[in-house]
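Engineer: First residue of the sequence shown? That's 56 in this note's numbering, and the numbers climb one at a time after it.
Cβ coordinates follow ideal geometry from the N, Cα and C atoms, glycine included.
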Amino acid sequence: MSKKIIIVGSGNAALSAGIASLEKGAEVTIYEKADKRMAGGNTKYTAGAMRFSYESGDQLIDLLNNPNDLRLKDTDFGSYTQEKFKTDLLNFNDGRPLSWEQEILVSKSLETIQWLSSHDVKFEPIYSRQSFKKEGKHIFWGGLTLASENEGVGLFDQELKAFLTLGGKIFYESTVTDLFFKDNIVRGIYLGDKKIEADAVILASGGFEANDDLRKSFIGDDWLSAKVRGTPYNTGDGLKMALKIGAIKHGIYDGCHATPMDLHMKNYGGLDLEPKERKNYRKICYFLGIMINAKGQRFLDEGKNFRNYTYAQYGRKVLEQPGHFAWQIFDSKVFNLLYEEYRFHDAHFVEGNSIDELIEKMDGIDKIKTKKTIEQYNNSIDLTISFDPTILDGKSTKGLDIEKSNWAQRIDEGPFKAFPVTGGITFTYGGLKINEYGSVLNKNNEPISGLFACGELVGGVFFNGYPGGSGLTSGAVFGRIAGYGAAQ
56 MSKKIIIVGS GNAALSAGIA SLEKGAEVTI YEKADKRMAG GNTKYTAGAM
106 RFSYESGDQL IDLLNNPNDL RLKDTDFGSY TQEKFKTDLL NFNDGRPLSW
156 EQEILVSKSL ETIQWLSSHD VKFEPIYSRQ SFKKEGKHIF WGGLTLASEN
206 EGVGLFDQEL KAFLTLGGKI FYESTVTDLF FKDNIVRGIY LGDKKIEADA
256 VILASGGFEA NDDLRKSFIG DDWLSAKVRG TPYNTGDGLK MALKIGAIKH
306 GIYDGCHATP MDLHMKNYGG LDLEPKERKN YRKICYFLGI MINAKGQRFL
356 DEGKNFRNYT YAQYGRKVLE QPGHFAWQIF DSKVFNLLYE EYRFHDAHFV
406 EGNSIDELIE KMDGIDKIKT KKTIEQYNNS IDLTISFDPT ILDGKSTKGL
456 DIEKSNWAQR IDEGPFKAFP VTGGITFTYG GLKINEYGSV LNKNNEPISG
506 LFACGELVGG VFFNGYPGGS GLTSGAVFGR IAGYGAAQ
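Written as structure tokens, this is what we have:
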């Protein structure tokens, strides 16, 4: 008789778990508390990019929706080895060695993407965001090369189609309120007062970023001011249900993915918009200009590294500033390099033909200090080095309290634009502890029989940040592991 498996949640991790369980002959049902339009957790809010190790561009061709794209012959994907992936993760570990979860993420990343591809989940090169054209070639610069067709919405649609094709079932507007836990075994779930039995339950219901009380409790008071840029349904339900029956906390509970966002964005990106549009409120081209706080001061190194390695941390830096906001300032030299979200119909910005005119329109700042900061920045730049956004070009400042390490160009060609930003929280890093089968562990480091977890609920994957695109890959890797584990 086939095993009956229940999955709580319907995002990338949940669907990966469902596909894996169905492969093993299980009967799988997903329960999602959102309606059909809002289903998919945070997945629909993403750009659909997935970071994984590969030795050469040849390994990418079979993953593509269009392997005959004419641009491919003029594309240099480079390589992204497991060692490079590990090094990138270590840079965010605050001196910690790689965790077991990180080792799994890296070692299983390529095979998991290939596995998704075998279920007709296809990808396309991220030409617009992850490459710059140089000497006639598209050069990929940050180790992040592929995203799902139609971004996060497309990833959800493709994975859902694979799940349903294999015989999976999904019920929307079905809020799981508790686990059915008897004789130290998880035997199903409750939908309100209704009990539904199963051989295994996989929690894939996301973190607690949309829960004000938990954000304040675990991350701090400042985070009540953060914009929640993902789904309003990730309120820590699965976490609370698991902890209630003895699961152990694991990972960094005050850690989270935090991105600079439009200061005037509605929470969740505006629920009247389609998910693909909501992501356009993020503002992550700070590396092409400077960021200034209410005191008129720069407060971080905008060019510390490729934005793939800084954007998930710099939202926290912005939120820590007076008034929880900052301004991103650019001149016309870089307008053509700014990502599409800077041209989004609801993007908030001010514009001036001169620096003085721009500053006059920037609310909430020390205008005199701001002008002085821009002048000092302009006078500190090494003009002997050429600007090159395809590499860490070393075009830096000299003599400032906070130097800009790369891509430092004078802000001196009008017109000028400034975009007001704040910190936006995407997902939380603290979660549950699992074993190699995806089983949730209790305080004695023993599996809680019948209970599995994946996605944002897995703690120990990220600490002080992460290289962009790792989150979706982590969801798929640990979703697949939990799906196989539950079915066995």
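Ordered along the chain, which non-local residues of its own chain (more than five positions away) have a Cβ less than 6 Å from that of residue 524?
Structural biologist: These residues qualify, in order along the chain: 104, 105, 106, 199.
Engineer: Mind the definition here: the stretch 363 to 376 touches the stretch 506 to 513 only if three or more C-beta pairs lie below 8 Å; say whether that holds.
Structural biologist: They do not touch, by the three-pair rule.
Engineer: Hey, out of 376, 74, 111, whose CA is closest to residue 173's CA?
Structural biologist: Selected option, being the one with the closest Cα: 74.
Engineer: What separation, rounded to the nearest whole angstrom, lies between the Cα atoms of residue 186 and residue 201?
Structural biologist: Looking at the two C-alpha atoms, the distance is approximately 11 Å.
Engineer: State the DSSP-derived secondary structure class of residue 497, mapped to helix, strand or coil.
Structural biologist: Strand.
Engineer: Considering Cα atoms alone, identify which of 276, 155, 386 is closest to residue 411.
Structural biologist: Among 276, 155, 386, the Cα nearest to that of residue 411 belongs to 386.
Engineer: What is the C-beta distance between residue 379 and residue 504, in whole angstroms, given that I count them as a contact (C-beta under 8 Å)?
Structural biologist: With 8 Å as the limit, residue 379 and residue 504 do not qualify as a contact, their Cβ atoms being about 45 Å apart.
Engineer: Counting only runs that start and end within the stretch 243 to 321, where is the beta strand (DSSP E) found for 3 or more residues in a row?
Structural biologist: Runs of the beta strand (DSSP E) inside the stretch 243 to 321: 249 to 252, 255 to 258, 311 to 317.
Engineer: Which partner residues of residue 383 appear in the DSSP bridge assignment?
Structural biologist: Residue 383 pairs with 346, 474.
Engineer: Between the beta-carbon of residue 533 and the beta-carbon of residue 509, is there less than 8 Å?
Structural biologist: For residue 533 and residue 509, yes; Cβs fall inside 8 Å.
Engineer: Under 8 Å between the Cβ atoms of residue 95 and residue 195?
Structural biologist: Contact flag unset, no.
Engineer: I believe residue 537 touches residue 72 by the beta-carbon criterion, under 8 Å. Please report the beta-carbon distance rounded to the nearest angstrom.
Structural biologist: Contact holds; Cβ gap of about 5 Å.
Engineer: Between the Cα of residue 544 and the Cα atoms of 334, 488, 294, 300, which residue gives the shortest distance?
Structural biologist: In the structure as shown, the chain starts at 56 and stops at 543, and residue 544 therefore has no counterpart that could be examined.
Engineer: Since residue 1 is in the beta strand (DSSP E), which residue starts that stretch and which ends it?
Structural biologist: Residue coverage of the chain in this structure runs from 56 to 543, which leaves residue 1 outside it and unanswerable.
Engineer: Which residue from 276, 323, 206, 119 puts its Cα closest to that of residue 93?
Structural biologist: Answer by Cα proximity: 323.
Engineer: Using 8 Å as the limit for Cβ to Cβ distance, is residue 213 near chain B?
Structural biologist: Among the chains of the structure shown, chain B does not appear; only one protein chain is present.
Engineer: Whole beta strand (DSSP E) runs in the stretch 126 to 174 with 3 or more residues, listed along the chain?
Structural biologist: Qualifying beta strand (DSSP E) stretches: none in this window.
Engineer: For residue 498, tell me which candidate among 249, 85, 299 has the shortest Cα-Cα distance.
Structural biologist: Cα-wise, what sits closest to residue 498 is 299.
Engineer: To the nearest angstrom, how far is the alpha carbon of residue 361 from that of residue 233?
Structural biologist: Residue 361 and residue 233: Cα-Cα distance of roughly 43 Å.
Engineer: Please return the same chain residues whose Cβ sits closer than 6 Å to the Cβ of residue 365, not counting the five positions on each side in sequence.
Structural biologist: Counting only Cβ-Cβ distances below 6 Å, and skipping sequence neighbours, we find 359.
Engineer: In whole angstroms, what is the alpha-carbon distance linking residue 552 and residue 458?
Structural biologist: Residue 552 lies beyond the stretch modelled for the chain, which goes from 56 to 543, so this question has no answer here.
Engineer: Let me make sure I understand the geometry here. Which of 267, 478, 118, 432 has the alpha-carbon closest to that of residue 287?
Structural biologist: For residue 287, the nearest C-alpha among the options comes from 267.
Engineer: Counting along the chain, where does the alpha helix (DSSP H) carrying residue 544 start and finish?
Structural biologist: Residue 544 lies beyond the stretch modelled for the chain, which goes from 56 to 543, so this question has no answer here.
Engineer: By DSSP's criteria, residue 83 is part of a beta bridge. Which residues make up the other side?
Structural biologist: The partner list for residue 83 (beta bridge, DSSP) reads 60.
Engineer: Using a Cβ-Cβ cut-off of 8 Å (strictly less than) and excluding sequence neighbours within five positions of residue 423, which residues of its own chain qualify?
Structural biologist: Counting only Cβ-Cβ distances below 8 Å, and skipping sequence neighbours, we find 351.
Engineer: Which residues in the same chain have their Cβ closer than 6 Å to the Cβ of residue 61, if we skip the five residues on either side of it in sequence?
Structural biologist: The answer, listed in chain order, is 84, 244, 253, 256.
Engineer: Using a 10 Å radius around the Cβ and a threshold of 16 neighbouring Cβ atoms, would you call residue 468 buried or exposed?
Structural biologist: Looking at its Cβ environment, which holds fewer than 16 other Cβ atoms inside 10 Å, residue 468 is exposed.
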